[in-house]
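Each remark here refers to the structure printed beneath this line.
Residue numbers (this note's numbering): 2 to 333.
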């Protein structure tokens, strides 16, 4: 080990210390590198001295260290994964970019399940498979569970998202059966001013034109972007972790508490609640499963394995993230 003390966002077994017995740094293949979590993870891995190769669709020549693939058509040369020490799969179509028509539901499911299965089968067929396959998942696995405390041992829930997430995690099974350490990263609501829910919320909150969603009692399991990336690094480095890992902050909050905290940080009122029926009219089933559902997921396995959160409480996270947004002019 490097002797680095535990510090926020860096576990005792930090990525800076992740090497083989001869001291060589690792080769990591990552999909979704331009997404919300991927764009935060990529520089962290590179700064730690690791070689990062990106899985990209279309022409790969313009991106250094890239691998061309097309999950929809099943195109991926397994030889391109030879020599990788880890594969991190963060791809998947956004679940919040529009009403869930039958066609969009199919795309949401296929973009996760088909791509994960392709990677898992390719990894399983390698002569020298990677040590670890870390695949994105979501706390949607648990469904709508009220205030029930949900560790990784909790049973799956009901609904579209729960079903998709179960299939998503099962799609990684070929890699696990081949002896690869597989980790299912069950992300909560990832907070970043650069994308996702927080970016969409900030403009209205800054104008004082926002409020709780529905009754506001639904629990949101959130995680700051720093910790989302830090948790992935921790999972790669910590050989004791396999199976589901909740990537959420230790203190989930209700939507009402979240709304009040964001308004307080921005020094704006939050007096315009959005009724549940209005959300259902506008968004259909997506409103019930994404905005009004309640999942109190806690990161038991991260905590037990020594991960130290950079932002364990919501106010700390929002002050940091909103401050970052202000420093960048509130854009991207």
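Quick reminder that beta carbons are idealized off the backbone N, C-alpha and C, glycines included.
Secondary structure note for residue 186: its beta strand (DSSP E) is the uninterrupted segment 182-188. Separation of the CB atoms of residue 150 and residue 299 is rounded to 6 angstroms, and the pair is thereby assigned contact status at 8 angstroms.
Residue 193 places its beta carbon less than 8 angstroms from that of residue 200. Residue 256 carries a helical assignment under DSSP once its states are collapsed to helix, strand and coil.
Closest in alpha carbon position to residue 128, among 308, 40, 176, 51, is 176.
Just measuring C-alpha positions, the residue of 214, 66, 119, 165 sitting nearest residue 105 is 165. In the three-state DSSP reduction, residue 223 falls in the strand class (E or B). Only residues of its own chain outside the window of five on either side were considered, and among them 269, 270 have a CB closer than 6 angstroms to the CB of residue 209, listed in chain order. The C-alpha of residue 37 is placed about 13 angstroms away from the C-alpha of residue 189. Comparing alpha-carbon positions, the option among 82, 276, 65, 59 lying closest to residue 71 turns out to be 59. DSSP links residue 136 through a beta bridge to 90, 185.
Beta-bridge partners of residue 151 (DSSP): 298. For residue 115, same chain residues with a beta-carbon under 6 angstroms away, outside a window of 5 residues either side, are 72 in chain order. A distance below 7 angstroms between beta-carbons, with the five flanking residues on each side excluded, links residue 284 to the following residues of its chain, in chain order: 100. Around the beta-carbon of residue 240, fewer than 16 other beta-carbon atoms lie within 10 Å, marking it exposed.
Just so you know, the alpha carbons of residue 312 and residue 250 end up roughly 7 angstroms apart. Your pair residue 197 and residue 137 does not check out as a contact, with CB atoms roughly 13 angstroms apart and the cut at 8 angstroms. Sixteen is the threshold: when 16 or more other Cβ atoms of the shown chains lie within 10 Å of the Cβ of residue 287, as they do, the residue is buried.
According to the DSSP assignment, residue 245 belongs to the beta strand (DSSP E) that extends over 244-248.
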